[in-house]
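Read the structure below first, then the notes.
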Amino acid sequence: MEAKSLWVLLTTLLFIIQGWRQIEGCLEQERIALFQLKSFFNDSNWVDVKGSNCCEWEGVECNVTTERVIGLDLGFKRQWDNREWISDPYGYLNVSLFLPFEELKSLDLSGNEIADLVDNQVSVSSAFNKLETLVLTQNYFNDSILSKLKSLTNLKTLELNFNSIKSLRQFQELLDTLSNLEELDMSGNELKEFVPIKNKENESLGKLKVANLNGVFNNGTASLIQLLETFSSVNTIYLRGNYFNDTFSTQDELQVSSKIEELVLDRSSLNNNILQSIGALASLKILSLSGCGLSGTLPTQGWCDLRKFEVLDLSENALKGTLPSCLANLSSLHYLDISGNQFVGKGVSIGLANLTLLRFISLSRNLFEVPSIFISFANHSHLKPTIPKWVPKFQLKAFRLSNCTTKELQTEIPKFLYYQNNLSIIDLSYNNFGGKVPFWLLENNTRMEAFLMKGNSFMGHLNLPSHPNPNISFVDISDNKIQGPIPANICSIFPQLNGLNLAGNSLQGNIPPCLGSLTTWNLLLDLSHNQLSGGIPEMLAQSDSLGFLRLSNNHLSGKITPTIFCSTSLRLLYLDGNNFDGNIPSIDISTFLSYSLVDMDLSNNNLSGELPRWIWNVSKLNALAVSNNQLKGLIPMELCYLDSLRILDLSENNFSGPIPSCFGAQSIIHLHLSKNRLSGTLTNAFFNSSSLVTLDLSENQLSGEIPYQIGTLSALSVLLLKANYFIGEIPIEICKLYSLSIIDLSQNKLFGLIPSCLSRLTLDPNGEKSLTKTYWEGSGGIFERGNYFGLTEFEFFTLRGGESFDVGFEIENQMEEKVDYTTKGASYTYKGNILEYMSGIDFSCNRLTGEIPIEIGNLSEIRSLNLSHNNLTGHIPSTFSKLKQIESLDLSHNNLIGRIPAQLTELYTLAVFNVSHNNLSGSIPSPKAQFGTFDESSYVENPFLCGPPLHKNCSDLDSPLTTAPNTSNNEEESGLMDKYVFWVTFFVSYVIVLLVIVLILYINPYWRLAWFSFVEHCIKTCQYFLLQFSIFKRSG
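So the sequence shown is residues -25 to -1, 1 to 1011, counted in mature numbering (1 follows the signal peptide of the UniProt record, and there is no 0).
Following this line, the structure appears as structure tokens:
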């Protein structure tokens, strides 16, 4: 009884002590240490409120019993918008700050731009002696960090990826000491010369199970065999993006690595023999060789012996031939991706149909006869090429059949899908499927998460399923032929929508207000390129879940509701190409909270008034486009405060006044101010900017000279100053812009010579002209898109026990960079890949003089050259025959002389050629190749030019005025007199006449006397006239 009472008493005391500790919270010394750390990380979430428990602060984990701090998540905590930090981005973190955390087991310092751990006062081992997990991802650590980590013998997880570590030797020494290490991530560090790590049987790596070495070995000296031997204890190893030099002659070479279960080598350089040698990895379950440059046919030995295979990815290679029958040996296969190869055949091998455990298969972008491949599954090869009705033996979780356009696919979807009832993801995009949208797939598969039907020929109305589908996250039915309204019950049928893309159809009616009631965070909504009318529903504008809204190119009208700009979640907003009118709404700056807005496009509407002040408070604004409206006023200086602004398009409005002088200090990459009424000069407006790629100031009222400082714009690729009032010479500093590929200085008042140094420009294809990177935070992390507003990928963790399957939910390029440039006699808009490869020079409609520099012929990549409407003289350089990419050459309305070089007939890409209104002479080059396509308008108003297509025979021009004395030897000089010859002849003739007169006067004394008398009479007459004129002037 006493023992029982004692136990109750002890239990009560324990609860009292525990309750007291709960009230007290974390230890005071640890709270103080956290505030000392705050000064380095500047995390506003840590507030020193009396009685607050620091164990409840964000990023702080405490032991439930002792209340000691055991984990700190300080990843990406340094303040990115702090100007002081930007001026000195590298941080040096003193490890003594962590001494109070005696029980610390997990520490995340990723993404803080830390250069080193300073240990002047205390060693790293003293501060982190119990640390088991250390994350140093995305910092600036170098090789010195490796020696400091050697003493952390308790480490189980170490992440050093994306730093500046290069020493393989020090990396080896570190691995020798970390005997408890279980997970290692060194990806993104480019280690130097590969040396096999010593002690292949080293027990120090015996506990290591996962190793990530993506992109570590890129110099071609690494051996995959030796690397796998070193990490023979691991179960999973990631080696994406490496360069290996192995030849793989026998299977025995990989025998020592037989414990490996998952091997990922995507985008690595590998020998084709790897598939034959891989059979030695008897435990292998997952093999990914996507994009490894493999070619030839699949072998029938090696890889086919791995009966434990669950995942096989051979996509994006150059494999060809038919699939081998030994594929049937892989009886455990769940996931198979052979897309993006050159496999052929009317059907897949019969072995593929026997893989009854398949949950995912991707056959797209091959040379299979689709849908005949599905016949092989049913063993009905004698049937006609229609999809047979059969019940497959497997139930897929994901099925992708995209971009397989054949005649058979124009009518129906593969019918074996009728028997699938466990699909989570289906992607039938970019085919020619017709009929109604197959919502029956959602009826049969209630667990569907992604329904992707983009780019087909589905017609009719959107007849949604009759019952709600609570699991569906992404629906993409864009680029079809759907008509009618968007169903009002779409939100109740798909209550958990994360992304809805109905763009590129013929939908009519109003936008359903219920879309604003969807609560999924970062909702993506794309209804662009339809025929929707009305305005933006107030409920949608007030949504706190909306992350992306694209309503471009519809018939929406009225005023833009101001609440849409006040959303705390909206990041990307596109309302361009509608009929919105009135002013851009004004918002009370004191209540403005939309700091998340990154991109805003209001172009091609009927908006008026001035730019509202609240825009300059959107500190994260990356792109602002309001072109083709009726906006007016000055361009405000507040633009200077938008430090993140990369794209600014104010073109085709009525802005006036000078250009703000702050642009040079900005991060702007593409600047479009054309077709306004801007005035003033360019002095100090843009210069000293290393980021500016596109500068479009055309069709304004700018004046003065083009400053020589333009040579400081080192990244400039597109320079458009057309139709202004610039004067002076073309500055030779423009030749320093080696990235320059499009130059338009036409319709100004420039004079002087064409700089011969322009030949230094390479005019190579430049992706920077069309590439504008932006970031979109989707599920699973931050995804960088290659083109502005391009492909966004979302990961579904539903396959192979946690392995991700990327599904593209496409958002078409909306604000992609585009440039208007005149060539071939018309103005064209260049964008995307076409803009990357476009190059041209337009100096037309100025007052340039002198000859065309022969060095211009070295611009072998140029596609358009326009020097028309100037005062150029001399000949057409024969070096123009080296312009092998030229498509348009306009030299009209000048004073050029001589013949048209016959070598120009070698320009096989030339589509437009114009030398009219010059003083050219001689016969036109023979009408072969491209010259056979040019008509009379290319040559008119050259009086002494002859031959077809002109109706002037060259024999009719054979006269003394047009034929030189030595016609047979000087055929090239026939025609009008050369300017140089004229002045030489004149000078010689003058000297001869003068000498003849002197000689005559010397020989004949009577003529000499008469001449001197005449001269004396003229002198006296002039004296008398001057004397009378002076007397008359005094008397007056």
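For each residue, glycine too, the CB sits at the ideal point set by N, CA and C.
Under the three-state reduction of DSSP, Ser300 is assigned to helix. Put simply, the backbone Cα of Ile1006 is about 16 Å away from that of Thr996. Collapsing the DSSP output to three states places Ala186 in a strand. Residue environment for Ala463: exposed (fewer than 16 other C-beta atoms within 10 angstroms of its C-beta). The C-beta distance from Ser896 to Leu920 rounds to 6 Å, short enough to meet the 8 Å contact threshold. For a cut-off of 8 Å, the C-beta gap from Asn580 to Asn604 is around 6 Å, short enough to register as a contact. If you draw a straight line from the Cα of Asn155 to the Cα of Thr128, it comes to about 7 Å. In chain order, Gly686 place their CB closer than 6 Å to the CB of Lys711, counting only its own chain and leaving out the 5 sequence neighbours on each side. Sorting Val44, Glu78 and Gln11 by C-alpha distance to the C-alpha of Leu68 places Gln11 at the top. Of the residues assessed, Cys279 falls on the buried side of the cut-off, its CB having 16 or more other CB atoms within 10 angstroms. About 6 Å separates the beta carbon of Trp591 from that of Tyr616, a gap short enough to meet the 8 Å contact definition. For Ser492, the CB contacts under 7 Å within the same chain, skipping 5 residues up- and downstream, are Cys466 and Met514 in chain order.
Judged by DSSP in its simplified three-state form, Ala801 adopts strand.
The C-beta distance from Ile89 to Tyr115 rounds to 7 Å, short enough to fall under 8 Å. Across the structure, Val209 and Asp312 are spaced so that their CA atoms are roughly 25 Å apart.
A straight line joining the alpha-carbon of Cys732 with that of Thr880 spans about 26 Å. Beta-bridge partners assigned by DSSP to Tyr549: Arg525 and Asp576. In the DSSP assignment, the residues bridged to Ala598 are Asp574 and Ile622. Straight through space, the alpha carbons of Ile401 and Phe146 are spaced by roughly 44 Å. Of the residues Phe374, Leu302 and Lys857, the one whose Cα lies closest to the Cα of Ile336 is Phe374. Less than 8 Å divides the Cβ of Phe343 from the Cβ of Phe318.
A check of alpha carbon separations from Asn659 across Gln676, Cys637 and Arg652 identifies Cys637 as the nearest.
Between the C-alpha atoms of Cys1 and Lys52 there is a straight-line separation of about 21 Å. Counting only residues of its own chain and dropping the five nearest sequence neighbours on each side, Ile457 has a CB closer than 8 Å to the CB of Val412, Phe433, Met434, Gly435, His436, Leu437, Leu477, Asn480, Ser481 and Leu482. Ranking Ala425, Phe408 and Thr222 by CA distance to the CA of Thr196 puts Thr222 first.
By the C-beta density criterion, Thr543 is exposed, having fewer than 16 other C-beta atoms within 10 angstroms. For Arg822, the enclosing beta strand (DSSP E) covers residues Arg822 to Glu826. The stretch 825 to 839 and the stretch 671 to 689 do not touch, with fewer than 3 CB-CB distances between them shorter than 8 Å. Using a 10 angstroms sphere on the CB of Cys993, the tally of other CB atoms stays under 16, which defines it as exposed. Counting along the chain, Ser81 sits inside the beta strand (DSSP E) bounded by residues Ser81 to Asp83. For Tyr700, there is no enclosing alpha helix (DSSP H); the enclosing beta strand (DSSP E) has its first and last residue at Tyr700 to Gly703.
The C-beta of His844 has 16 or more other C-beta atoms within 10 Å across all chains shown, which makes the residue buried. Spanning the alpha carbons of Val573 and Asp624 requires a straight line of approximately 15 Å. For Ala425, the enclosing beta strand (DSSP E) covers residues Ala425 to Leu427. Non-local beta-carbon contacts of Asp519 in its own chain, meaning distances under 8 Å to residues more than five positions away in sequence, involve Ser542, Thr543 and Ser544 in chain order. Membership of Lys105 in any alpha helix (DSSP H) is not indicated, and neither H nor E is assigned to it by DSSP.
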